[in-house]
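Under numbering that gives the first Met the number 0, think of the first position of the sequence shown as 0, with each following residue one higher.
Every residue gets a Cβ at the ideal spot worked out from N, C-alpha and C, and that includes glycine.
Encoded as structure tokens, the structure appears first; notes follow it.
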Amino acid sequence: MSDTTITGIRFGACYVDDWEAARKFYEETLGLSVAFEAMPGQVLFYALGEDPFGIMLSKVPEPGPGTIDVGNAHTSFVLCVGSASALHAKLTEAGVEILQEEPIAVGEGDHWFQFRDPAGNLLEALGGE
Numbered sequence: 000m001s002d003t004t005i006t007g008i009r010f011g012a013c014y015v016d017d018w019e020a021a022r023k024f025y026e027e028t029l030g031l032s033v034a035f036e037a038m039p040g041q042v043l044f045y046a047l048g049e050d051p052f053g054i055m056l057s058k059v060p061e062p063g064p065g066t067i068d069v070g071n072a073h074t075s076f077v078l079c080v081g082s083a084s085a086l087h088a089k090l091t092e093a094g095v096e097i098l099q100e101e102p103i104a105v106g107e108g109d110h111w112f113q114f115r116d117p118a119g120n121l122l123e124a125l126g127g128e
């Protein structure tokens with residue numbers, strides 16, 4: 000294996016324009032725990048399992064050369080859950096935009112669906128029924 004071999008994903012990066020709405024969504028609606036804030040009010044990391052670098056939430060930088068904004072940055076990552084149906088119901092109750100009417104069976108007992116965070120980022124969930 001060479002030094003340039005890609006071996007996995009280090010963390011998901013999610014850029015948002017409404018910091019408070021995004022934090023509320025990721026912490027209260029999804030129930031994720033903040034591992035640490037790299038730049039208070041601008042960048043933080045949510046732990047996923049034992050990994051403190053699971054998801055990076057970043058406020059969209061001020062306009063400038065080469066900056067990322069919600070018009071040109073999109074993200075998608077799959078969240079592992081015990082029950083896709085239970086999360087689907089929870090998100091539906093919270094008024095979250097969900098793309099599928101119900102989780103879709105994808106084989107081996109797994110079910111999957113997609114939904115959007117307050118910034119319009121596409122997220123996915125995969126888990127048992």
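Between Pro-51 and Ala-37, the C-beta spacing is not below 8 Å. Contact between the segment 81-96 and the segment 38-58 is not established, with fewer than three Cβ pairs separated by less than 8 Å. For the options Gly-119, Glu-27, Gly-30 and Lys-23, the alpha carbon positioned closest to that of Ser-75 is the one of Gly-119. Residue state for Ser-75 is assigned as coil, using DSSP reduced to three classes. Tyr-14 and Glu-107 have their C-alpha atoms spaced approximately 33 Å apart.
Less than 8 Å separates the beta-carbon of Val-77 from that of Leu-125. The DSSP-derived three-state label of Ala-21 is helix. Counting along the chain, the unbroken alpha helix (DSSP H) around Ala-88 starts and ends at 83-92. Excluding residues up to 5 positions away in sequence, Ile-97 lie with their Cβ nearer than 8 Å to the Cβ of Thr-91 in the same chain.
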